[in-house]
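The sequence shown runs -26 to -1, 1 to 555 under mature numbering (1 follows the signal peptide of the UniProt record, and there is no 0). First comes the structure, then the notes that go with it.
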Amino acid sequence: MHTKWTKTVAAVLLTASMTVTPLAGAAFAGQASTAQSQAAQTAQSAYKKLTGTVSAQLIGAFMERSSDSTIVGAVVRLKNETSKITRVPDYELRMTTKDGVSYTLAPSAANSRAIQPKGQVELVYTLAVKRTNTFELSKLTWVEVDEYVYPRKETTRLSMDLSGKVWKNGEPGSGTFGKIQWGQTFQNELLSPTIAYTSAGVYQQVKAQGNVTIVTVKATNTGKETAYIPDFAISGSDGKKLYAGEKADNKSEVLGAGESRNLIFAIPTPPSVKLSELVVTKPARYQAPDGSELVRHVGYMSIGLPTTTGFSLASLGNYEFGKPIALDPSNELVDKDVQISLVELHLHDNQGDGYKTAIAKFKLQNTGKQAAVLPAFQAELTNGEGYTYIGDRQNVSTQRLMPGLSHVVSYAFNVPKTEEEGRFALRLLEGSTIDAPYSTPFAQLGVAVQNEAEDSQIWNLYPFQVEMKYWWLGAVGDTVPFISYTYKLTLDLDIKRTDDIVVDAGFSKLKIDIADSFGVVLGSETFSFVGPNRLISGKQTLRFDNLRTEQYQYPLTVNIYEVIDTPSGESARLIQTLQQK
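Structure representation (C-alpha cells):
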C-alpha cells in the first residue's frame, strides 16, 4: 500500500479550476484598456511591404539578459503576394538601440529559403550581444547590402518600430498586447485570425521535480472554415522570471467550423515559486549552424490569475449521496450518456497501520442505447485546510458499460490519523495518459463522510448491506504429524442487495485477520461477494487453514476489513473488531 497526500497551494483553487466562462461573458474591467489592447495588436501585427512581391510582419522581438551577455532576437513572418514561388530576400536584419548602436542578427539555419505561391514562412533571428551595460531596442531594419561595389552599398528596405514591443524575460507586461482578466476571451491575429481563446481552469500538481501548474484554455473556431491550432503555449511569471509552459496533450490540432476544445498546458516550477500571472507565449526556435536548437519564449499577452485567494471548502454545497454529479460538459473522458454518482464514503482507523483509510464508491450508469467506455477517472479528497489525498482506483476488469446497466468502482484514500470525520472536497479528474500526461478536474463537490458505529452489526458495502447475526470462533486440534491447532469461524450473515448493479472480480472483498492477545496476527483469509465461492446469507463456516499454532490460543481477536485491490497494492478499511470473551 502506498500513502499519498500533498498540500495544495493558495493559488490552486477548486472554484477556479472548474470555472468555464462563455465567449460572450467576462467583460474586461475598463473599456479603454480593451480598446488599447486591440489597437496595439492590430498595429503590431500589420503587414508591411518588403519587396514588390513580399510583405513582412513582426511576430515578436525579445531580449534576455544574462551575467555576461544579452540575447536579442526577432521572429518575423514573410508572405508571398504572388502566384509564383519566391525566394526569401537576401537582406540583413538589424536591431538598433536607442543610443544608435546597430547589431546584425544571425538567421536560424532552419529558416526557409523560398516562399510558396500565396504562402508564408516564419523566420527566426538572434544574436548574443557581449555588452555589460543596459540598453533598449528601438527599431528593426531590413537592409539590402551590395558587396560588389566599392564602397559597399547599403539600402534600407523596411524599418519596424520596436518601442514598447520587445519582450523582456522577467519583466511583466513588456512587449505584450496588454493584460486581460481571468475568464476573458481573447483573439490574436498572430496566433490565428479565427480562433478565440478563454482561460477556463487552473490547477496544481506536485511532481517529484517540483510543482506543475495545469492551465485549461477553451479554444473555439469562430470562422466558417477549418482552423489549425498554432504553436503557442501558456507560460507563467512570478514577476521576476518567465517559466515556460508546454502543450500537455497530443490531441489533434484541427478545429472544425464552430468547434470548441479544451487545450491543456503545463507550467513546471520549483516548489518555492508562486506564479503571479500567466503569459501567452510563442516559441522562437533558433537552430545554430551545428544543428543544436535554442528556444526562446516570446510573450504576447498577460492573463491575470483568478481573484479568489485560497481554497474554501465552505463554498461547495452539500452533495446528496446517489445523485448524478454535475460534470464539466467540455470533458473528453466521460461519455455523454454516462452518469456518475457517489454512493458511499467511509473513513476508518486501521489499528497498527499508522494511518486511516477512506473508501469512496461510485456508481456509473449508462443511460444511453449503445455501449460506452467505462471512464477511468482519478479522484482526490481535500480537507478544509487544503491538504489533498490522492485515491487509488480498484483494479477493474470491465472496460465497457452496457446500455441500461450500472457498474460500481471503488477508490481508496490513505490519510493521516489526525484526519477526523467531517466534510471534504471531492474532485474528479481526467488525464494521466500517454496522450494527456497531466490531470485536470472535470467535477468537484462538497461531501460529508458517512458515520458508522464501530460496534454496529450492519456493514454497508454498496451495493450490499451485510448484517452479522451471530459469530463463533473455535479451534480444531490435529495430532499428525505433531500436535497443532487450526481455527474455523462460523458466521450467520444476512446479505442484501440494495441496488441492481454489476459487480466484477475487482469488487471489494472481506479480509478476516485472527490475532492473539498481544495483537500479533496469526493468520488471515479473504472472502469474495462474487463467484462460485462467494459469501452467502445464512450460516457458513470459514476455515483458516494457514493458521496453525502449537499451543491452544485464547482469547483471540477477529478483525474484519473491507479490502480492494489497486495497482498500488491492497487497501483495507477496518469495519468490525470481534473479541473472544
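Backbone N, C-alpha and C define an ideal beta-carbon position, used for all residues, glycine too.
query: Alpha carbon to alpha carbon, what distance is there between K192 and N236?
result: 4 Å
query: Would you call W446 buried or exposed, if buried means 16 or more other Cβ atoms sit within 10 Å of its Cβ?
result: exposed
task: Report the three-state DSSP secondary structure of L97 (helix, strand or coil).
output: strand
field: C-beta atoms of V189 and Q178 nearer than 8 Å
entry: no
- request: Going by CA-CA distance only, name the one from E294, A102, V312 that's closest to L301.
  value: V312
task: Alpha carbon to alpha carbon, how far is T531 from T551? Give it in angstroms, no decimals.
output: 7 Å
task: Would you grab the beta carbon distance between L136 and L111 for me? Rounded to a whole angstrom, and I think it's under 8 Å.
output: 5 Å
Three-pair Cβ contact test at 8 Å for the segment 257 to 265 versus the segment 390 to 408: no
- request: Quick one: measure Cβ to Cβ for P303 and Q344, integer angstroms, because I've assumed they're closer than 8 Å.
  value: Rounded, the Cβ-Cβ distance is 19 Å, inconsistent with contact.
- request: Return the bridge partner residues of Q553 from the DSSP annotation.
  value: T531
message: Can you give me the C-alpha to C-alpha distance between G543 and E220, rounded to a whole angstrom?
response: 33 Å
query: Does the segment 457 to 469 come within contact of the segment 501 to 511, defined as at least 3 CB pairs closer than 8 Å?
result: yes
field: Reference residue 574, options Y535, Y412, Q352, closest by Cα
entry: An answer regarding residue 574 cannot be provided, because it is not within the stretch -26 to 555 covered by the chain.
message: What does the alpha-carbon distance come out to for the pair D539 and N85?
response: 55 Å
query: In terms of residues, what are the limits of the beta strand (DSSP E) holding I241?
result: 234 to 243
- prompt: Looking at I241 and Y274, is the spacing between their C-beta atoms short of 8 Å?
  reply: no
- prompt: Any contact of the segment 370 to 390 with the segment 341 to 356, i.e. 3+ C-beta pairs under 8 Å?
  reply: yes
query: With contact counted as at least three CB pairs below 8 Å, one residue from each stretch, are the segment 110 to 128 and the segment 86 to 95 in contact?
result: no
- prompt: DSSP on L287, reduced to helix/strand/coil?
  reply: helix
query: On the three-state DSSP scale, how would you describe A174?
result: strand
- request: Can you give me the start and stop residues for the beta strand (DSSP E) that G278 sits inside?
  value: 267 to 278
field: Per DSSP, cross-strand counterpart(s) of S502
entry: K483
- request: Take the Cβ of R87 as the centre, count every other Cβ of all protein chains shown within 10 Å, and call the residue buried at 16 or more, exposed below.
  value: exposed
query: Which of helix, strand or coil does DSSP assign to K198?
result: coil
query: Do you know how far the Cα of T71 is from the Cα of A170?
result: 35 Å
message: Please return the same chain residues whose Cβ sits closer than 6 Å to the Cβ of V476, not counting the five positions on each side in sequence.
response: L379, H381
task: Could you have a look at R105 and say whether DSSP puts it in helix, strand or coil?
output: coil
query: beta strand (DSSP E) containing R508: first to last residue?
result: Here R508 belongs to no beta strand (DSSP E), and DSSP marks it neither H nor E.
message: I'd like to know whether the C-beta atoms of M134 and L114 end up nearer to each other than 8 Å.
response: yes
- prompt: Hey, K256 and G34: beta-carbon distance below 8 Å or not?
  reply: yes
- prompt: How long is the line joining the alpha carbons of L52 and A353, rounded to whole angstroms?
  reply: 48 Å
- prompt: A231 and T200 look like a contact to me (Cβ under 8 Å); what is the Cβ gap, rounded to whole Å?
  reply: 7 Å
Reference K181, options F518, N388, I364, F481, closest by Cα: I364
- request: Within the segment 316 to 387, note down every full beta strand (DSSP E) run reaching 3 residues or more, in order along the chain.
  value: 329 to 340, 352 to 356, 361 to 364
message: If you follow the beta strand (DSSP E) that Q31 is in, where does it begin and where does it stop?
response: 28 to 39
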